[in-house]
Structures are given as structure tokens and as C-alpha cells.
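Under the working numbering, think of the first position of the sequence shown as 4, with each following residue one higher.
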Amino acid sequence: MKKTISTTLDIDATPEEIWDVLTDFPAYEKWNPFFARIVGEATVRTTIKITARKDAGGDGMSFSPTVLEADPGRMLRWKGKFLVNRLFDGEHSFELTDLGDGRTRLDHGEKFSGILIRFMGKVLTQTEVGFTNLNTALADEVAARRS
4 MKKTISTTLD IDATPEEIWD VLTDFPAYEK WNPFFARIVG EATVRTTIKI TARKDAGGDG
64 MSFSPTVLEA DPGRMLRWKG KFLVNRLFDG EHSFELTDLG DGRTRLDHGE KFSGILIRFM
124 GKVLTQTEVG FTNLNTALAD EVAARRS
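Okay, here's the thing in C-alpha cells:
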């Protein structure tokens, strides 16, 4: 089974400004309503450790995905799994598209697959809300850093 969550937000900032906040993992604890922390670096083929916030649909879950793509100002993508491959896998992505005039479109989502998908309906609904909240908080943090 498969399930995709897709969210989009246009942000008044350049892709580079958004990238700087998005990849400043140590600061996540202060502004990010979905991920409590990420330890590691946005470098392809590295493993990062992510802890989701309990109240954001992640139930405080920690996981260690591998960074698949880290193209500054364009794309950050990682893939993780729950216990073993094909049980509950997720490929998470943040894509930045320059709209010109200092605006950027953020496409943020995750492609889930695995046999546990059919049992994860409530969690996936909460995850979509969490992604939307993360997008808004990201835009707010970028604006705050510009001030």
C-alpha cells in the first residue's frame, strides 16, 4: 500500500533564505512544531536522527533516515523506515521553487509505503496537519531571521 501527503506554501523569501533555516537542524527545537530535533547534517548518504514531537502526530517517535538529496536552495529529501524495509517506509521531501520577486514555493510532503499503511489512517491525518503547521512556522522563522 502507498499514501502520499503533499502540502504547499508560498513564502516571501528566497530559496536560499529558506534553505538556511531548513538545514539549521540545531535550531529546530526552538521553532519547529513537528520535529523536536534533528541530529546530523544535510549531506547526501548520511544518516540523520529525527525525533518528532508527541503533539504533532509523531507520537515522539525517533527514526534514523538516510539523506537522499541535499541540493541547496532546491531540494532536501530523506528516506526512513520503521524497524525493517517495507513495513512502514517514508520518503520525506522539501522542494523549493523560485517564483521570482523574492518569493518561493515550498512543496513539502512524504510518500509512505508498507504493509502498516492501512492501520495508520489517524497518524497520517495528524501528520498532514503537522506538515502544514511546520510550513507556516518555517515561513515565520525565515521572516524573523530577516528582521
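The beta-carbon is built from N, C-alpha and C at its ideal position, and this holds for glycine as well.
These numbers come from a predicted model, not from an experiment.
> Any contact of the segment 11-27 with the segment 103-119, i.e. 3+ C-beta pairs under 8 Å?
Replying inline: Using a C-beta cut-off of 8 Å, the segment 11-27 makes contact with the segment 103-119, since at least three inter-stretch Cβ pairs fall below that distance.
> What span of residues does the beta strand (DSSP E) with Asp13 cover, start to end?
Replying inline: Per DSSP, the unbroken beta strand (DSSP E) holding Asp13 starts and ends at Lys5 to Ile14.
> According to the neighbour-count rule (16 or more other Cβ atoms, all chains shown, within 10 Å of its Cβ), is Ala55 buried or exposed?
Replying inline: Under the 10 Å beta carbon count, Ala55 is surrounded by 16 or more other beta carbons and is classified as buried.
>> Using 8 Å as the threshold, is the C-beta distance between Ile21 and Val132 below it?
In response: no
> Where do the ends of the alpha helix (DSSP H) carrying Ile21 lie?
Replying inline: Pro18 to Leu25
>> Please report the distance separating the alpha-carbon of Met64 from that of Lys125.
In response: Those two C-alpha atoms are separated by around 15 Å.
>> Looking at Ser207: is its Cβ nearer than 8 Å to the Cβ of Met4?
In response: Examination of residue 207 is not possible in this model, given that the chain is present from 4 through 150 alone.
> Under the three-state reduction of DSSP, which class applies to Asp104: helix, strand or coil?
Replying inline: coil
>> Here's the rule: buried if 16 or more other CB atoms are within 10 angstroms of the residue's CB, otherwise exposed. What is Glu32?
In response: exposed
> Which residue comes first and which comes last in the alpha helix (DSSP H) that contains Glu32?
Replying inline: Tyr31 to Trp34
> In terms of residues, what are the limits of the beta strand (DSSP E) holding Lys84?
Replying inline: Met78 to Lys84
>> Using a Cβ-Cβ cutoff of less than 6 Å, which residues in the same chain neighbour Ser9 once the five nearest sequence positions on both sides are dropped?
In response: Gly112
>> Restricting to Cα atoms, I'd like to know which of Asp74, Lys57 and Arg148 is closest to Thr100.
In response: For Thr100, the closest alpha carbon among the candidates Asp74, Lys57 and Arg148 is that of Asp74.
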